[in-house]
Each structure stands twice: as structure tokens, then as C-alpha cells.
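Chains as they are written, first to last, in the UniProt record's numbering: chain A, 1 to 211; chain B, 1 to 249. We put the beta carbon where it would ideally sit given N, CA and C, even for glycine. Okay, structure first, notes after.
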Amino acid sequence: MNRLLQVTALASLVFSAPLMAQDHSHHTQHGDHTDHTTMNAAEVSHSQSIYQIDALWNTHQQSSLKLSELAGTPVIISMIYGSCTTACPVLVHDAKRLYNSLDEATQKQVKLVMVSFDTARDTPEALADYAKQYNLNNNWLFLNGSEQDIRTLATVLGVRYRQRPDGDFDHSNLVSILDKHGVIAERIEGLSQPMEKPAQLVTQLAKMTVQ
Amino acid sequence: MVKWLGVAGVLFSPLILADPVLVTGGTFEPPVLLDKQRLSIEMNSFMLDATPVTNQAYLEFVSSNPRWQRDNIAALFHDGNYLKHWDNNTAFAQGKENEPVTYVSWFTAREYCAAQGGRLPSLNEWEYASMQYRQQQNISDNDYARKLFAWYSQPHSKQQTVNPNADQLMHMHDRVNEWVDDYQLLLSNGDDVDLLSGSCGDGARFMSSFTNANYATFFRYQSRSDYAPQSTTSTMGFRCAYDLENHDE
Chain A
1 MNRLLQVTAL
11 ASLVFSAPLM
21 AQDHSHHTQH
31 GDHTDHTTMN
41 AAEVSHSQSI
51 YQIDALWNTH
61 QQSSLKLSEL
71 AGTPVIISMI
81 YGSCTTACPV
91 LVHDAKRLYN
101 SLDEATQKQV
111 KLVMVSFDTA
121 RDTPEALADY
131 AKQYNLNNNW
141 LFLNGSEQDI
151 RTLATVLGVR
161 YRQRPDGDFD
171 HSNLVSILDK
181 HGVIAERIEG
191 LSQPMEKPAQ
201 LVTQLAKMTV
211 Q
Chain B
1 MVKWLGVAGV
11 LFSPLILADP
21 VLVTGGTFEP
31 PVLLDKQRLS
41 IEMNSFMLDA
51 TPVTNQAYLE
61 FVSSNPRWQR
71 DNIAALFHDG
81 NYLKHWDNNT
91 AFAQGKENEP
101 VTYVSWFTAR
111 EYCAAQGGRL
121 PSLNEWEYAS
131 MQYRQQQNIS
141 DNDYARKLFA
151 WYSQPHSKQQ
161 TVNPNADQLM
171 HMHDRVNEWV
181 DDYQLLLSNG
191 DDVDLLSGSC
201 GDGARFMSSF
211 TNANYATFFR
221 YQSRSDYAPQ
231 STTSTMGFRC
241 AYDLENHDE
């Protein structure tokens, strides 16, 4: 398994070479993610994109996906686990509220990505059941990944979590908005937050042209 | 002259790096508790590098993984100071081969370990190994606390080498503080998440008993949890862990 991942990582290394060649921004200090709400596309730093993570995920639609494949549309992303009966349905509901506050044209562009903490129990099949149960359309993607990749993504998003002895997860409640390049544009912390401003932001992001 | 030394080191390295050492599983009583109800944890056996990863070993990693060289790394994965003490992408100053590598972020430490077929140890694994190390070396609780506080009062990872061929755990407390996979669990302050804004699991973090040794350990947890995963400093290094079933490849 490790071998396979290494080969995958190597392959992605080769394919991402042109992207890396442009990245000379390592001398600049890592910025505060919350500052990225400014809409000037020219200032977007691609090397802050979470699409730099080249892990391979399994979707609830039985396909595999790299996050970089989401580039080109704004993304609403959160992390949950399927057997969670407390905060997680609220997080899904929050993402749905945000989606429902968008106009139809924007809705068509946006993707919603729910990544599971629970690599063992949230199989693609279990996640498909979950999506069905919540009656979610094809703009939604539920992702299952390896423990290492889940930890990487959570860390990049600023989501803390740990598995409890009973198998459930303690986790931060966070919905994040990514721009078309995969840079974090907004972080909505806590449950049941107001969605008017985030909806305006997503609408603006959807109008931005991809460079 | 120094410029090509690192490359030469890769080509002609005389070092035979030691195998990781076995940390035998057993019952672990964490000095800092995450669960009020759980005072002890059953630990599985695992392998752990005997010493922190050295400049030389890290050089070999970046030489074969250009993506993680200083000029190529994406800004997402470091704070701007990644490997800043090296001369360039693939060279460091002469004589630094066996010093623990520092100015590495949590992300880059994990990439290094993954490339070796391993991973960063969990916080509990690292602390459990530290406990075994104290027993192996007959380090009393007070000596441990003294040693740790002495290091914290004047951390000096520079000019301090490790033996790359060590056959038992070494330098758990006197070279660098080390990244662990879930270092953010405790006393968090490293990012924007407001832990009291509704996140679960914020409570029940306290020492199991107030002793000098536990306080020293607590201090290690705390100093590390202030870092962002992008942080790179002169005192943070790492060593890798390996699952037993994966290690014989």
C-alpha cells in the first residue's frame, strides 16, 4: 500500500512540475488565511492552494479524485464523519444553507465537498448512503481517504480532530470556502452561522475568471 | 567547496544508517490526559528511528524528491524559513552531516517519513518511547526534568551531532524537540481555530499527577503545540515511526 502511494506521489510530482516551476514564493511569509477575502485575482498566491496536496481520494460515486481536479469552481468544503449524530448533520445542513442562499447560476458552478474523518467506517458505499439519506444532488462529493491524507487536509484547513476510544471523533466545526485555485477564501467557524456574507463571497468567487 | 559537499555526500556516503529500533507495546499512563476516564492506554509495538533525522539523511530525501527542496517547496507547506540554514537546495555546511535536521515543517517531516515507508509517531507513541528510553538509560524523574528544562532554557541543536548508527533510542531529550503527527491536540494556539467556539474535546487536558517529570513533559507538549504546521525553527526536528508489518519490506 505504501509503495502504491509512493508511486502515485511520484507520478503526481512529474505532472505537477510546470506548476512548481512558477513557485518562487517561498521567501514570503505564510499569510493569514483570513486575509484572503480580498477579491483581487492578481494577488492570489497559487502556492497557497490546498490543491498542492496530491492525495488520491475515493468519492461516494465510486471514482477516485485529486483535490486539484476541483480547480476552476468555488468549493465549499467541510470535514465530518458519517456515524456522527451530533455536529456533523448540522455541518452538512450549514453547507446546504450556504448553497441554497446562492442564485441559480452560481449554484451550478459550486461544488460541495464533505471529507470524512473515518477512513474505516465511511467507505464510499457508506458515504453514498449518507448522500442519499440527505437527498443531496450531484454538486456534492463525499470523500474517503487514508488516515495520513485526512490528517494533512485537516491541518491545512485548520480542522482539529482526534479519534476517541469509542471510535467517534472529536473535531472542530468548520466550513471553508475555496476560490477557483483552491486557496482558502473564508472559514466559517462554529455551527449554524449566518450565511449571507459567505453567500456573497461565493457569488463573487464564481464570477472570477480563472487565470 | 562547501557547495558540492552535500551532493558528494549522497554519491559516496560511507554511512550505513541504523535500522529503527523496536518499541515494545504495553500499558502507557499518559502524563497529560485527554480523557478523564482513561488513565492508561494500551500501546501497540512499533519501530522508531534511534535518533532524530540528520542533515545527511534529509539531504538524500530532497535530492531524490526535488519538490521538497528549498527553492521548490510550495508556500502552503512552510513558513518561509524552510532549511534556511543550508547553503542551497542540496548542500549544507561541512561538518553538519550528523546534526539533527532543523528548519523543517510538520508537512515536510511527514513527507520525509512517508518516503521511508514510515510516518511521524503519534504523540502517545513518542511519549511512550520517551518513557522506555528513561527506563533503559536509568534516568530518574528528577534528572529527566532537569535535563529537559536545561535544554529548554538554552536549546542548542547546532554543533551537536547524533550517532547515525545508534542501535538503541538516543537523544530523546537533549537535541531537538520533535514533530509528532497529532501535535496539535493539546493546548492549541497554532492556528485560527478558536477552541472554545464549539469544538468538541477541549476539556480534560491535565496532568495525571503533579511531579517534576510530568511538568517537564507538559512543557514539551505546550511549547510544541504553539507551532503552526508550517513552522520551521532552529530547535524543531523529528524522527520517524514505522508500523511493524510494513517494516520488513
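- Asn81/B and Tyr215/B have their alpha carbons spaced roughly 30 Å apart.
- Counting only the Cα atoms, Thr232/B lies some 5 Å from Val104/B.
- Pairing Ser101/A with Leu157/A, the inter-Cα distance amounts to about 23 Å.
- Distance between Ala93/B and Asp49/B, taken at the CA atoms: about 24 Å.
- Listed in chain order, the alpha helix (DSSP H) elements of length 4 or more contained wholly in the segment 104-174 of chain B are 106-115, 123-136, 141-153.
- Taking 7 Å as the cut-off between beta carbons, the residues of the segment 154-173 of chain A near chain B are Thr155, Val156, Gly158, Arg160, Arg162, Pro165, Asp170, His171, Ser172, Asn173, in sequence order.
- Under a criterion of Cβ atoms nearer than 8 Å, the residues of chain A adjacent to Gln184/B are, in order, Thr155, Arg160.
- Looking at the DSSP output, Ile41/B bridges to Phe28/B.
- Below the 8 Å Cβ cutoff, chain A contributes no neighbours of Leu59/B, its closest Cβ being approximately 18 Å away.
- Taking C-beta atoms under 8 Å as the contact rule, Lys180/A and Leu205/A qualify, at a distance of about 7 Å.
- For Val92/A, no beta strand (DSSP E) encloses it; the enclosing alpha helix (DSSP H) starts and ends at 87-100.
- Just measuring C-alpha positions, the residue of Gln137/B, Tyr183/B, Glu29/B, Ala228/B sitting nearest Leu76/B is Ala228/B.
- Take the alpha-carbon of Val90/A and the one of Val75/A: they are about 18 Å apart.
- For Leu174/A, the enclosing beta strand (DSSP E) covers residues 174-178.
- Separation of Met79/A and Phe117/A (C-alpha to C-alpha, rounded to the nearest whole angstrom) is 7 Å.
- In this structure, the straight-line span from the alpha carbon of Phe46/B to that of Ser146/A is close to 19 Å.
- Val183/A has its alpha-carbon roughly 19 Å from the corresponding atom of Asn173/A.
- Pairwise C-beta distances place the segment 118-130 of chain B in contact with the segment 166-176 of chain B, as three or more of them are shorter than 8 Å.
- Around Ala241/B, the same chain offers Phe46, Met47, Leu48, Gly118, Arg119, Leu120, Pro121, Glu125 as residues with beta carbons nearer than 7 Å, after the five sequence neighbours per side are excluded.
- For Lys66/A, the enclosing beta strand (DSSP E) starts and ends at 64-66.
- Membership of Val21/B in the beta strand (DSSP E) is indicated by the continuous run 21-23.
- Boundaries cannot be given for Ile73/B, as no beta strand (DSSP E) includes it and DSSP labels it neither H nor E.
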